[in-house]
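Chains as they are written, first to last, in my numbering: chain A, 23 to 337; chain B, 887 to 1173; chain C, 25 to 428; chain D, -16 to 248. Yeah, the Cβ is synthetic: ideal placement off N, Cα and C, and Gly gets one too. Please read all numbers here as calculations on a predicted model, not as lab measurements.
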């Protein structure tokens, strides 16, 4: 696939998918697809810093949560219209990320697992602040009274279209970074940060920009999700679930390609969804575990890489 | 945040409580740290192993066995389980972050197994130890927690001594640092890896027994420990034997003091801010 | 499509009528025709599953009983239940699936606050009646056709603490000083905040107020601070295990509060704990007179006990969760039977204008947010059993609040 | 790591054109350069000038500060004291990537290729960030030329792990050159190579100079030092010991002492 064809494929696929609400399918497909795209945005945004540059962050929940609470508070307490809160959510998350990165990325020793730990700790710190201040206060924030803008024919379709737009934008950004000089620099940082710096890669700035982009996208996804949930509680947001899930999705799909996390997100969301029948709920959970294990044993470089190799062999 | 000046007995009793819970963090973290640092495998299933062991301990105890005696059965069983898991990991050459995914799958399976055998209900082991406590220098010392502390400290130092003073331990550390060189010196890495992975799982099962002694169990509770134990492990330094206990105790005590002097709901911020400060100021030289 | 369905209904109704006539009045008729499908989700896996399994068992029992009685409108009832994995966003999606893809006839609510609100949003968009089990914060219910099965009234944060302090005031040792310790779990914190207001108004002294983060593990320092404060009475705003953990921690420092109340404890383990004697809690139902003379209660308590034991539950008694769950089904059945239709609007109107006879007694839904009376009762662990001790009219055998 | 003595070399072909170093203006001026690690002094006030177009050999026994010198000049470590001037600009306090951007490239003694990138991509990264090419496509085209220059063109698609040491050293060189630096710092590129590989490498280094780059060259292989350098600088205990043409300097008694110990003085 040539370089320049990819963005058109992403945009056209997005445009085609935008017609799904018009197909007359039962409305819940919009919600299901929304959930998938929501995770596509989160996993892909995580991958921009963590997959490309190798700085595995366990703090994605913090930035996602910052977006949720920014959006929720602006809507519930300051009567902002929903769509206007989204840039604010992205902005707050990005500022938070840059503030963290500006300190952390200056410290040479904080790499690998220490970076993972630091970002995990940030999640709990922010969660504690949110639950102990009027941002949440412990009672959660109810958004039942906030109107959903009429972008799609139904509220669920609106969320779906918003997430679709976010996913298309995120994938375009992830692709553009991967094929750019910026991306080359991030991949070099992944393998040997010192050597990259000496070759001229502005490692500090690159990491900071990648983190800012990653956080902004996660914050935006959080902003949309706040209204989708319509009732947000700190206990559900600032957990290890979000970072763990995005790591799993990205690793399953493949972290060295812009599309990998998206593939993983669709696969895992689909997998979780396909075991919701109550009679086999517990067995279903075990089944998901088995599938994950088999996938990682037989596709260690991710689904995408595996498919690519099969494709090449065929040709 | 209102600060109140605590009484001395309140403060010391709280610190003691922090030490006890910190010891459990350390005990749970010990095997995780060894596996992560020396085998380069991030074993999320460590928590599942601990809970599985806790439930087994609960089961055997309700059938009349002494909870501590159940370790005779549980520990070897988990040693085998851990070694078996490692065999699979080696066979398929699983990379560190892939191991996270794989063991996450395993954790889900373990949770399902627990839920289908023992239901999602809360289970509390009512052992003869649960009621026992004694008073020492004005402080109450509950026996189950004391058992946890003794096991945590004992096992931590035992592992530390083995790693530091025995050929086996030196070989393990060498293999972790530079596998090819270690292989060149005739270190049988495969056997070592299996033994170490088995030990880690065995340590998880001991932590599980301690868990059963002093906590109420529920299948999904296993995730509640992940964050804080990961923190203790990473703060303590991967592969370090003493690290998790030291870091776990630091976290436990700092949270306990916060709870004693101000609103308990602020406790996580103190321990995790402390952790961030340590990381930023002294990266790589923790514990 | 619509007309076809209607005529089908008519035919079925006719068949049912004939069957009814033929079988006589003494025996319930065999339900016939296509089943009425009732859809809901429960958190069967994940952190909320401990309570969800109660609701699943209750639902199964009720649907079985219902079908044995002849189903609804002569048709058999089928319960379509899905696992929302304790995730509110999945609950929303699954309710949409139930409504738009599975096209269930009626909805039944889930049980946790987050999931209930998710389901309520869907119900509102599709104009479905939603009867829900245990919504802890009534003010969050802003939908016209939602009906609470847990009769805590529209302002439980005031009424429930008042009931409790009434009970304490009538006890042999009315407390003067109170410690309020509470989890920051939304539905808990809300009640604890109300309790603080109430005790202030009643002239009691608050000697300690502490909040902990949901998921706290080390209760030692909290127990110590309670002990230091020497309160006459401790309000423990705890959910699930937290009450036990705090009690364990108190025991470890050789302390037992003179009087103590637990808001939403996991009932089994608390009962099993030897230190929980005299512990108070709130409930809407207990398997004892006079509750057992309420509609369906005696039979349900018996069946639930058997089935819960068979399923391996630690606690086999019927209390708030199981009772609220059973009540929800009774409300839905009353609505359908009362209107003889599956029309959501009609059912909602009927419920708002009629009292419904349930496990908890007669319930009304004409108050703020469709909430009726606060039927929360105060119970106490006495001799290893929960005994209702307040208000007097629902106590059995002269049971009284004991104060050591 | 060997500390080869100053064995006189006889291979004539290697020595040929090197003695005629063009005496240009000063490209790099290092003044009073010091570097300490937690109080342990690795460099103690070194003054060195590198002239445009020359090959300067940097010699000294193990631990004399040669590698530290390269690490400080390339920005890997910040100097404790002293100043570094390159083409008349002061480099003090600049991050490593800015130093690289101003025209200084280096190699590592133990090659540090980017393990997950192909050989071509490894060089392309250097091309892009050295400022020689703007977009990735142009960078790849240029990188291919550098692979041809170093004889690695067949390996363009391979992973660094699939290369042997010799090839990895050449990849290291190709990466350094791809940025089109005016000054190349070579840290023991010949260490660990076989004699015939050394001959290849020496020829390559000469071609690099012919391209117009100035070279500072840390090396123990005296044969190559003799063959390539115009001047040498000898460090000992972090201080400048001697400076001059290779033949003269290696005969000085203090240099012999430093290399071979007191007995030989």
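Does residue 41 (chain A) get closer than 8 Å to chain C when you measure Cβ to Cβ? Mapped onto the first chain, residue 41 (chain A) falls at position 19. Not closer than 8 Å to any Cβ of chain C, the Cβ of residue 41 (chain A) fails to qualify, so no.
Decide if the segment 154 to 172 of chain A is in contact with the segment 88 to 107 of chain A; the criterion is three or more beta carbon pairs, one per stretch, under 8 Å apart. yes
Of the residues C:54, C:240 and C:119, the one placed nearest residue 299 (chain A), counting alpha carbons only: Numbered from its first residue, the first chain carries residue 299 (chain A) at position 277. Nearest option by C-alpha distance: C:119.
I'd like the list of long-range same chain contacts for residue 61 (chain A), defined as Cβ closer than 6 Å, with 5 residues on each side in sequence excluded. Residue numbering aside, residue 61 (chain A) sits at position 39 when the first chain is read from its first letter. Within the same chain, residue 61 (chain A) has close Cβ partners 287 and 291.
Can you say whether residue 38 (chain A) is buried or exposed, counting buried as having 16 or more other CB atoms within 10 angstroms of its CB? Within the first chain, residue 38 (chain A) is the residue found at index 16, counting from 1. When all chains shown are included, residue 38 (chain A) counts as exposed.
Would you tell me roughly how many angstroms separate the C-alpha atoms of residue 131 (chain C) and residue 155 (chain C), rounded to the nearest one? As a first step, residue 131 (chain C) is located in the third chain; it is residue number 107 there, counting from the start. As a first step, residue 155 (chain C) is located in the third chain; it is residue number 131 there, counting from the start. Roughly 8 Å separates the two Cα atoms.
Short CB-CB distance (under 8 Å) between residue 252 (chain A) and chain D: Here residue 252 (chain A) refers to the residue found at position 230 when the first chain is read from its first residue. False, the Cβ-Cβ gap to chain D never drops below 8 Å.
Looking only at its chain, what residues have a beta carbon closer than 8 Å to the beta carbon of residue 97 (chain D), apart from the 5 residues adjacent to it on each side? As a working note, residue 97 (chain D) is residue 114 in the fourth chain. Cβ neighbours of residue 97 (chain D) beyond the five flanking positions: 104, 105, 108 and 143.
Identity of the residue in B:1010, B:1112 and B:1005 nearest residue 334 (chain C) by Cα: Here residue 334 (chain C) is taken as the residue at index 310 of the third chain, counted from 1. Closest option to residue 334 (chain C), Cα to Cα, is B:1005.
Measure the alpha-carbon distance for residue 325 (chain A) versus residue 313 (chain A) and round it to whole angstroms. Numbered from its first residue, the first chain carries residue 325 (chain A) at position 303. Numbered from its first residue, the first chain carries residue 313 (chain A) at position 291. Between residue 325 (chain A) and residue 313 (chain A), the C-alpha separation is close to 13 Å.
Is there a Cβ from chain A that is less than 8 Å from the Cβ of residue 172 (chain D)? On the fourth chain, residue 172 (chain D) is found 189 positions in, with the first residue counted as 1. Output row for residue 172 (chain D): interface = no.
Would you please verify whether the beta carbon of residue 202 (chain A) is less than 8 Å from any beta carbon of chain D? Locating residue 202 (chain A) in the first chain gives position 180, where the first residue counts as 1. Judged by the 8 Å Cβ criterion, residue 202 (chain A) is in contact with chain D.
When you compare each of C:198, C:396 and C:260 to residue 220 (chain C) by their alpha carbons, which one comes out closest? As a first step, residue 220 (chain C) must be located in the third chain, where it is residue number 196. Answer by Cα proximity: C:260.
Tell me whether the beta-carbon of residue 174 (chain C) lies closer than 8 Å to the beta-carbon of residue 208 (chain C). Taking the first residue of the third chain as position 1, residue 174 (chain C) is located at position 150. Taking the first residue of the third chain as position 1, residue 208 (chain C) is located at position 184. For residue 174 (chain C) and residue 208 (chain C), no; Cβs fall outside 8 Å.
Name the DSSP bridge partner or partners of residue 169 (chain D)? Here residue 169 (chain D) is taken as the residue at index 186 of the fourth chain, counted from 1. D:200.
Measure the alpha-carbon distance for residue 285 (chain C) versus residue 990 (chain B) and round it to whole angstroms. Stepping through the third chain from its first residue, residue 285 (chain C) is reached at position 261. Stepping through the second chain from its first residue, residue 990 (chain B) is reached at position 104. Taking the straight line joining both Cα atoms gives about 39 Å.
Between residue 912 (chain B) and residue 1118 (chain B), how many whole angstroms is the CB-CB distance? I'm expecting something under 8 Å. By 1-based counting over the second chain, the position of residue 912 (chain B) is 26. By 1-based counting over the second chain, the position of residue 1118 (chain B) is 232. Confirmed, Cβ separation roughly 6 Å.
Could you tell me the alpha carbon to alpha carbon distance between residue 110 (chain C) and residue 164 (chain D), rounded to whole angstroms? Position 86 of the third chain holds residue 110 (chain C). Position 181 of the fourth chain holds residue 164 (chain D). Using only the alpha carbons, I get a separation of about 59 Å.
Straight-line Cα distance separating residue 199 (chain D) from residue 212 (chain D): Start at 1 with the first residue of the fourth chain, and residue 212 (chain D) comes out as number 229. Start at 1 with the first residue of the fourth chain, and residue 199 (chain D) comes out as number 216. Roughly 9 Å between the two C-alpha positions.
If we ignore side chains and look at the alpha-carbon of each, how far apart do residue 40 (chain C) and residue 349 (chain C) end up? The sequence position of residue 40 (chain C) within the third chain is 16, counting from 1. The sequence position of residue 349 (chain C) within the third chain is 325, counting from 1. Note that residue 40 (chain C) scores a pLDDT of 49, beneath 50, so its modelled location is shaky; the value from the coordinates is reported in the next line. Distance between the alpha carbons of residue 40 (chain C) and residue 349 (chain C): 29 Å.
Chain C contacts from the segment 292 to 320 of chain A (Cβ-Cβ distance under 9 Å): 294, 295, 297, 298, 299, 300, 301, 302, 303, 304, 306 and 307
Proximal residues to residue 17 (chain D) (C-beta, below 6 Å), its chain only, five neighbours per side dropped: Sequence index remark: in the fourth chain, residue 17 (chain D) carries index 34 (1-based). So the qualifying residues of the chain are 26, 27, 28, 63, 64 and 65.
Distance, residue 1033 (chain B) Cα to residue 1017 (chain B) Cα: Residue numbering aside, residue 1017 (chain B) sits at position 131 when the second chain is read from its first letter. Residue numbering aside, residue 1033 (chain B) sits at position 147 when the second chain is read from its first letter. Near 13 Å, if we compare the C-alpha coordinates of residue 1033 (chain B) and residue 1017 (chain B).
Residues in its own chain within less than 6 Å of residue 348 (chain A) by CB, not counting five upstream and five downstream? The question about residue 348 (chain A) has no answer, for chain A in this structure spans 23 to 337.
Can the beta-carbon of residue 971 (chain B) be found closer than 8 Å to that of residue 1041 (chain B)? Here the question's residue 971 (chain B) lines up with position 85 in the second chain. Here the question's residue 1041 (chain B) lines up with position 155 in the second chain. Not a contact, by the Cβ cut-off of 8 Å.
Is residue 41 (chain A) closer than 8 Å to residue 124 (chain C) when the C-beta atoms are compared? Indexing the third chain from 1 puts residue 124 (chain C) at position 100. Indexing the first chain from 1 puts residue 41 (chain A) at position 19. No, Cβ-Cβ distance for residue 124 (chain C) and residue 41 (chain A) is not below 8 Å.
Per DSSP, which residues does residue 107 (chain C) bridge with? Please list them. Counted from its first residue, the third chain places residue 107 (chain C) at position 83. BP columns for residue 107 (chain C) point to C:66.
Should residue 128 (chain A) be flagged as near chain D, meaning a C-beta pair shorter than 8 Å? On the first chain, position 106 is the one that residue 128 (chain A) refers to. Chain D, which has no Cβ nearer than 8 Å to the Cβ of residue 128 (chain A), makes this no.
Given 8 Å, three or more beta-carbon pairs between the segment 383 to 398 of chain C and the segment 80 to 96 of chain C: no
Counted within 10 angstroms of its Cβ, other Cβ atoms place residue 1165 (chain B) as buried (16 or more) or exposed: For the purposes of this step, residue 1165 (chain B) is taken as residue 279 along the second chain, with counting starting at 1. So residue 1165 (chain B) counts as buried.
Below-8 Å beta-carbon distance, residue 143 (chain A) vs any chain B residue: The residue you call residue 143 (chain A) lines up with position 121 of the first chain. So, interface residue.
Go through the segment 284 to 355 of chain C residue by residue and report every complete run of the beta strand (DSSP E) that reaches 3 residues or more, in order. 304 to 307
Beta-carbon proximity list for residue 1082 (chain B), same chain, < 7 Å, skipping 5 on both sides: Your numbering for residue 1082 (chain B) matches position 196 in the second chain. Closer than 7 Å at Cβ, skipping near neighbours: 920, 924, 925 and 1058.
Identify the residues that DSSP records as bridge partners of residue 102 (chain C): which are they? On the third chain, residue 102 (chain C) is found 78 positions in, with the first residue counted as 1. Answer by DSSP bridge pairing, in chain order: C:61.
Could you compute how far the alpha carbon of residue 51 (chain C) sits from the alpha carbon of residue 100 (chain C)? Residue 51 (chain C) sits at position 27 when you count from the first residue of the third chain. Residue 100 (chain C) sits at position 76 when you count from the first residue of the third chain. In this prediction, residue 51 (chain C) has a pLDDT of 48, which is less than 50 and means its spatial position is unreliable; nothing more can be read from the coordinates.
With 9 Å as the C-beta to C-beta threshold (strictly closer), list the residues of the segment 76 to 93 of chain C near chain B in chain order. 76 and 77
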